[in-house]
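S.K.: One structure coming up, written as structure tokens, with questions to follow.
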Amino acid sequence: MSLEEAQLTINSYRVLTTDRKSLKLLDKWNELLIEVKNLDLNQNELDILNQELEVQFCRINDSNINRKVIKESLKSTLLFMQNMLRIKDSYQYTTIGCFAGLLIPLISNISIIFGFLIGMGIGFILDNYFNNTQRNIKTNLHDTW
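By my numbering, the letter at position 36 of the sequence shown is numbered 21, and the numbering carries on one by one without gaps.
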């Protein structure tokens, strides 16, 4: 299943469901597919991704567009892309920097707030640099739980 076919399938599912949470998850699917379309993937990676999309949409279709299955398939696809296609979360280094910044006061006389801000700033700078040079996606499931 190509990315265009997947988007058409998602849009057809949007017509069939009225549940708000399911619609929000289907919007997340659309966001993810648009982001993936903009990535620079080679033909080998596209073939692997197309097979994964085929499997996930068969799962969704077999479950009669159940919200839990949509969520699980989206989560599974995100994990698949992060593991197999080496696509990273866009704010990964900011999160790591924040936690590392909280540890700075343990080894110096800096307060926790300043350590947190220093770590967050360094992580944010690294994220901006790597977002321009690597393949990152901004779609996540944080606001769908």
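A virtual CB, placed ideally from N, CA and C, is assigned to each residue, including glycine.
Starting from Tyr78, trace the alpha helix (DSSP H) both ways and give me its first and last residue.
M.R.: First-last of the alpha helix (DSSP H) with Tyr78: Gln77 to Ile92.
S.K.: Among Lys53, Glu20 and Thr62, which residue has its Cα nearest to the Cα of Leu38?
M.R.: Checking every option, the nearest Cα to that of Leu38 belongs to Thr62.
S.K.: With the cut-off set at 8 Å, would you say Gly104 and Ile92 are in Cβ contact?
M.R.: No. Outside cutoff.
S.K.: Taking the C-alpha atoms as reference points, what is the distance between Arg(-1) and Leu17?
M.R.: So the two alpha carbons sit approximately 15 Å from each other.
S.K.: Which residue marks the beginning of the alpha helix (DSSP H) containing Ser(-13), and which one marks its end?
M.R.: Premise fails: Ser(-13) is in no alpha helix (DSSP H) and is neither H nor E.
S.K.: Counting along the chain, where does the alpha helix (DSSP H) carrying Asp32 start and finish?
M.R.: Looking at the DSSP string, the run of the alpha helix (DSSP H) that includes Asp32 is Gln28 to Asp47.
S.K.: Which term fits Ile72, buried or exposed, when burial requires 16 or more other beta carbons within 10 angstroms of its beta carbon?
M.R.: Burial call: buried.
S.K.: Between Gly100 and Gly82, which are expected to be in contact by the criterion C-beta below 8 Å, what is the C-beta distance as a whole number of angstroms?
M.R.: That pair is no contact at about 10 Å.
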